[in-house]
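Heads up: the sequence shown begins at 808 in our numbering, then just goes up one per residue.
By construction, the Cβ of each residue, glycine as well, lies at the ideal position given by its N, Cα and C atoms.
Values in this document were obtained by computation on a predicted structure and should not be read as measured data.
Report on the following structure.
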Amino acid sequence: MLKFSFITLLILVFTTCKEVQNNSGVSVKTNVKDRTAFIQKLENEFLGRVGYLEPKKPHVITSRNFKTYNNLSEERVIELELRTIFKNNKTTSQFGLAQDIGFSKAMKSFVAYQYDENEQMQYKLINYTTNYDFIDAIDVSCYDLTKKMNQTETYVFGNRLFVHNKDTNKAVEYLLKMDGTFVMKEEPVKFNYLVLKEFKYLDLYLGQFNKRVVKAKNGLIIRDSLGNKIGKYNYLDIISVLSYSEEKMKIVDNGKTINGTKTEVIINPKLLKQEQNFYIDNTNKGYVFSGFLFDDIEDDENEVYDYQGLSTSTQDYMLFSLKELFTIEQVKLNNELSGVVKTAKLKDVTKQYKVDKTITLTSENGTQVKFKDTTYHSEYEPTKSYSVNEDVNFKNTFIVSSSMLFDYQRFYFIDKRNGNELDTYFGGYPHVSPNNNIVISVDYDTECPNQRSLFIDKIVNGKIIKVLSIHLDTEKLTELDFVKSTDQNEIYWLSNTSFIMKFWGATTCYDDSDNYFYYKFKIKDNLLNILDIN
808 MLKFSFITLL ILVFTTCKEV QNNSGVSVKT NVKDRTAFIQ KLENEFLGRV
858 GYLEPKKPHV ITSRNFKTYN NLSEERVIEL ELRTIFKNNK TTSQFGLAQD
908 IGFSKAMKSF VAYQYDENEQ MQYKLINYTT NYDFIDAIDV SCYDLTKKMN
958 QTETYVFGNR LFVHNKDTNK AVEYLLKMDG TFVMKEEPVK FNYLVLKEFK
1008 YLDLYLGQFN KRVVKAKNGL IIRDSLGNKI GKYNYLDIIS VLSYSEEKMK
1058 IVDNGKTING TKTEVIINPK LLKQEQNFYI DNTNKGYVFS GFLFDDIEDD
1108 ENEVYDYQGL STSTQDYMLF SLKELFTIEQ VKLNNELSGV VKTAKLKDVT
1158 KQYKVDKTIT LTSENGTQVK FKDTTYHSEY EPTKSYSVNE DVNFKNTFIV
1208 SSSMLFDYQR FYFIDKRNGN ELDTYFGGYP HVSPNNNIVI SVDYDTECPN
1258 QRSLFIDKIV NGKIIKVLSI HLDTEKLTEL DFVKSTDQNE IYWLSNTSFI
1308 MKFWGATTCY DDSDNYFYYK FKIKDNLLNI LDIN
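Written out as structure tokens, the structure is:
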């Protein structure tokens, strides 16, 4: 079977031009004619001046490509049947070729034009046999010389062509068949494709869309334009939004009124193919209710909600409003101490167990576990160093921590009774909530301590499970209320879901500031859901 490769074609058209037409059947040659001389002259003497495109991949052609006129002689106009195809016998009209397109070696394809001075330039996509017998043609563009305004576009994806009317946001769809003919679909299609660009990777293409994250714990239903259920997103899925309707909607869910809009989305981005310039078929479009998506960051967001990134143990997410996960406020510690129900109870016992850069822990049954500082080829020494703590929140446990440049702190939980490793953890020191369900920690970048990560994790069956990290940066914050503090406590629990975190006030790289500030966090149900699911 003959295979075609097709081109993405973009040509500008105006409302003063004729309605889009399919010229199939306009002309039929019944006599076989020897065109050898005509073909040789056309191809050897004329087509060299016409831009040639061999569409090995989707491509964009705009009217800017047609900077010069390549007018044809009347003899060639007759041979190519252009007056018949354009349905124009005006002697003042001129005809020419704007583009030679190599759709297939089995046929000749041209973007041809009719030029009427001070009026218009009308473009058609015309297919001929290799002997230049006319096959079929469609209107693809028309340049209005009186108004010079673009109002329609033509897109070609594979063998599908969409002639788009910008005024009505409707498109006429054609199928380009293997024999070179065009078949027009009867029903107009709604058209809202983005302006075509060429993208090498799917992630780059999807990057131009607004991204939203599903916050409905039980998933989010996808519907078609008529409201029929056609699919479902899972909790925390990232979706790409095509458009939002202007009409506001309200939905009552479990007695709570939720506001939102009908939102058009790409159902499955993985179906988009680079070789098709990531064309979005109508079957890959659906609608969801935006009220079940996490809110975007607000322009006037309080700076306590500023952050640089968010990720779970399995997925990095784009920024959405932290107001969905917490209420956060900057506080003065002395005003909050009366509400504190728990603080950290750790004791540094490194000096009891470390000799000559080696920590030796002897368990109750005599087993010894050793941790030795190490130095690699580096300007720093030692490269990795160990310390050991005891904490009433982790009974019968040595908590050995390692610090290494350019890496998170690592914690090893060693059973005092038998020397077994009970658990490991990376991040800042793990602070356990009063009900022993949640772990909070903060880790600061070694070189740029203004960059820090807040970890919110959980405990399951006695082990810490990594769940969520929020990446913060104080460099551009202007409303921090700094204080001097010698207090060793890093966290103050107000309840099982509320805490005050003491943050280091470093605001630049290599900052050795002795300033601190305090944020109070109240965990919301959305964050509890994330902890529950992950």
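First through last residue of the alpha helix (DSSP H) which encompasses residue i
i: residue 1169; result: It is not in any alpha helix (DSSP H) - residue 1169 instead sits in the beta strand (DSSP E) that spans 1165 to 1169.
i: residue 1366; result: Outside the modelled stretch of the chain, which goes from 808 to 1341, sits residue 1366, for which no answer is possible.
i: residue 847; result: 843 to 848
i: residue 765; result: The requested residue 765 does not occur in the structure, where the chain is confined to residues 808 to 1341.
i: residue 1080; result: Element bounds for residue 1080: n/a, residue is neither H nor E.
i: residue 1181; result: No alpha helix (DSSP H) holds residue 1181; DSSP gives it neither H nor E.
i: residue 884; result: 881 to 886
i: residue 1010; result: 1009 to 1013
i: residue 893; result: 889 to 893
Bridge-paired residues (DSSP) for residue i
i: residue 860; result: 908
i: residue 947; result: In the DSSP output, where bridge partners are listed per residue, residue 947 has none listed.
i: residue 1020; result: 1045
i: residue 1175; result: 1169
i: residue 1052; result: DSSP lists no partner for residue 1052.
i: residue 942; result: Note: residue 942 sits in no beta bridge, so no partner.
i: residue 1133; result: 1330
i: residue 1138; result: 1325
i: residue 972; result: 959, 977
i: residue 1276; result: 1118, 1262
Reference residue i; option with closest CA among the options
i: residue 1115; options: 930, 1258, 885; result: 1258
i: residue 1034; options: 1019, 1093, 1087; result: 1093
i: residue 1076; options: 1315, 1069, 1091; result: 1091
i: residue 848; options: 1058, 859, 858, 882; result: 882
i: residue 1017; options: 1232, 1031, 1046, 1024; result: 1046
i: residue 909; options: 935, 1321, 1158; result: 935
i: residue 1264; options: 1119, 923, 907, 1128; result: 1119
i: residue 843; options: 886, 1216, 990; result: 886
i: residue 1122; options: 1295, 921, 876, 1044; result: 1044
i: residue 1036; options: 1203, 1224, 1096, 1312; result: 1096
i: residue 1292; options: 1268, 1041, 1321; result: 1321
i: residue 1171; options: 895, 1294, 1330, 1224; result: 1224
i: residue 846; options: 1239, 1031, 915; result: 915
i: residue 879; options: 900, 894, 860; result: 900
i: residue 1311; options: 1248, 895, 1065; result: 1248
i: residue 1015; options: 985, 1168, 991, 1050; result: 1050
i: residue 1215; options: 1195, 1260, 1199, 1240; result: 1260
Beta-carbon proximity check, residue i vs residue j, cutoff 8 Å
i: residue 1270; j: residue 1222; result: no
i: residue 952; j: residue 928; result: yes
i: residue 1275; j: residue 1337; result: yes
i: residue 1246; j: residue 1277; result: no
i: residue 1226; j: residue 1176; result: yes
i: residue 907; j: residue 987; result: no
i: residue 930; j: residue 949; result: yes
i: residue 1110; j: residue 1128; result: no
i: residue 1326; j: residue 1289; result: no
i: residue 1213; j: residue 1232; result: no
i: residue 1301; j: residue 1146; result: yes
i: residue 1235; j: residue 1250; result: yes
i: residue 1048; j: residue 1072; result: yes
i: residue 1085; j: residue 1334; result: no
i: residue 1180; j: residue 1160; result: no
i: residue 913; j: residue 932; result: no
i: residue 981; j: residue 971; result: no
For residue i, the first and last residue of its enclosing beta strand (DSSP E)
i: residue 1143; result: No beta strand (DSSP E) contains residue 1143, which DSSP labels as neither H nor E.
i: residue 1233; result: 1228 to 1234
i: residue 962; result: 959 to 964
i: residue 1213; result: Unbroken run through residue 1213: none, as it is neither H nor E.
i: residue 1337; result: Careful: residue 1337 lies outside any beta strand (DSSP E), inside the alpha helix (DSSP H) at 1332 to 1340.
i: residue 1251; result: 1245 to 1251
i: residue 1198; result: 1191 to 1198
i: residue 1157; result: Segment 1157 to 1160 is the alpha helix (DSSP H) holding residue 1157; no beta strand (DSSP E) there.
i: residue 989; result: 989 to 991
i: residue 919; result: 914 to 923
i: residue 985; result: Note, residue 985: premise wrong, no beta strand (DSSP E); not H, not E.
i: residue 896; result: Where residue 896 is concerned, there is no enclosing beta strand (DSSP E), given that its DSSP letter is neither H nor E.
i: residue 935; result: 927 to 936
i: residue 876; result: Run containing residue 876: none; DSSP gives neither H nor E here.
i: residue 1036; result: 1036 to 1040
i: residue 1067; result: 1063 to 1073
i: residue 1027; result: 1027 to 1030
Near the ligand NAP: residue i beta-carbon under 7 Å from a heavy atom
i: residue 991; result: This structure lacks the ligand NAP; in fact it carries no ligand of any kind.
Chain B within 8 Å of residue i, Cβ atoms only
i: residue 979; result: Absent from the structure: chain B. Only one protein chain is present.
Inset, instruction - Could you name each continuous alpha helix (DSSP H) segment of 4 residues or more that falls completely within the stretch 1296 to 1326, going from the start of the chain to the end? - result: none
Inset, instruction - Tell me the start and end of each unbroken beta strand (DSSP E) in the stretch 1085 to 1118 that is at least 3 residues and wholly inside, in chain order. - result: 1092 to 1096
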